[in-house]
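Everything on this sheet refers to the single structure shown next.
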Amino acid sequence: SQQGEEDPQALSIQEGENATMNCSYKTSINNLQWYRQNSGRGLVHLILIRSNEREKHSGRLRVTLDTSKKSSSLLITASRAADTASYFCATVPGNQFYFGTGTSLTVIP
Amino acid sequence: NAGVTQTPKFQVLKTGQSMTLQCAQDMNHNSMYWYRQDPGMGLRLIYYSASEGTTDKGEVPNGYNVSRLNKREFSLRLESAAPSQTSVYFCASAYTRLDEKLFFGSGTQLSVL
């Protein structure tokens, strides 16, 4: 399978806490992306990190990439109830986008 | 702009029936994709089209066919539906430069009885 794998599968935190989720993948990549999916909806792009980058920030999001370990992490700081969703990493080895199995995040108000 | 539009939103089929899922994008994207999403399996790529006139198999193409009708439209056909094809189907598109992102449709919930 080309899929990546997110860890943990599920995460429950209190509002205001930070949430960290990890992604491991198998193939060489051009870039790695993180997406968010609210229940019953399509995925929405959050952030992209290129293979020659190690860290990237966007608002309350911080993404790291370690190509030697084929892994990435997504940190959401100061979480809000509205951050409750599933989060997926996508690896992009060429024209294809391969998604992991997702982390379900619940932020408790 | 509508973005990526999928029809229908819901469909129930009997085993052996056929149907076509339609997808259209108005963003002048070159690449289009079909995914299925099953609980615990994440999104799996069925077929993709890197450009108008080309299609390629993804991870799980068996039981499906696709047509890239023009630059805007990419359809997914189930010739003889099976219960194992019960899933949520998503269409997506991208420019397909190295730093581009996917835009998703809202999905089709398909049940095969």
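Residue numbers (the numbering used here), protein chains in the order written: chain A, 1 to 109; chain B, 1001 to 1113.
Built from N, CA and C at the ideal position, the CB exists for glycine as well.
Computed from a predicted structure; not experimentally measured.
Against chain B, which members of the stretch 88–104 of chain A pass a CB distance test of less than 8 Å?
F88, A90, V92, N95, Q96, F97, Y98, F99, G100, T101, G102
Got a sec, what are the start and stop residues for the beta strand (DSSP E) F97/A sits in?
As a working mapping, residue 97/A is identified with position 97 in the first sequence. It is not in any beta strand (DSSP E) - F97/A carries neither H nor E in the DSSP assignment.
So, helix, strand or coil for Q9/A, using DSSP?
The residue you call residue 9/A lines up with position 9 of the first sequence. Residue state, collapsed to three classes: coil.
In angstroms, rounded to a whole number, what distance separates the CA positions of T101/A and N22/A?
Within the first sequence, residue 101/A is the residue found at index 101, counting from 1. Within the first sequence, residue 22/A is the residue found at index 22, counting from 1. Cα to Cα, T101/A sits roughly 11 Å from N22/A.
From the beta carbon of G1041/B, is the nearest beta carbon of chain A less than 8 Å away?
Taking the first residue of the second sequence as position 1, residue 1041/B is located at position 41. The question names Gly, yet the displayed sequence has Met at residue 1041/B. So yes, M1041/B belongs to the interface.
Confirm, please, whether the CB-CB distance from A1092/B to G1107/B is below 8 Å.
If you number the second sequence from 1, residue 1107/B lands on position 107. If you number the second sequence from 1, residue 1092/B lands on position 92. Against a cut-off of 8 Å, the Cβ pair of A1092/B and G1107/B comes out as no contact.
Specify the secondary structure class of A90/A as computed by DSSP and reduced to three states.
Counting from one through the first sequence, the residue named residue 90/A turns up at place 90. If DSSP states are grouped into helix, strand and coil, A90/A belongs with the strands.
With 8 Å set as the bound, which would you pick, yes or no: does the beta-carbon of L43/A sit closer than that to a beta-carbon of chain B?
For the purposes of this step, residue 43/A is taken as the residue at position 43 of the first sequence. Closer than 8 Å to some Cβ of chain B, the Cβ of L43/A qualifies, so yes.
Output needed for I108/A: all residues of its chain with C-beta closer than 6 Å, excluding positions within five of it in sequence on either side, in chain order.
Here residue 108/A corresponds to residue number 108 of the first sequence, with the count starting at 1. The answer, listed in chain order, is Q14.
Shorter than 8 Å from the beta carbon of L48/A to some beta carbon of chain B?
Looking up residue 48/A in the first sequence gives position 48. Output row for L48/A: interface = yes.
Quick check on DSSP: helix, strand or coil for D1038/B?
Position 38 of the second sequence, counted from the first residue, corresponds to residue 1038/B. Looking at D1038/B - three-state DSSP - the assignment turns out to be strand.
Is S104/A near the ligand FAD, in the sense that its beta carbon is under 7 Å from a heavy atom of that ligand?
In the structure shown, the ligand FAD is absent, as is every other ligand, since no ligand is present at all.
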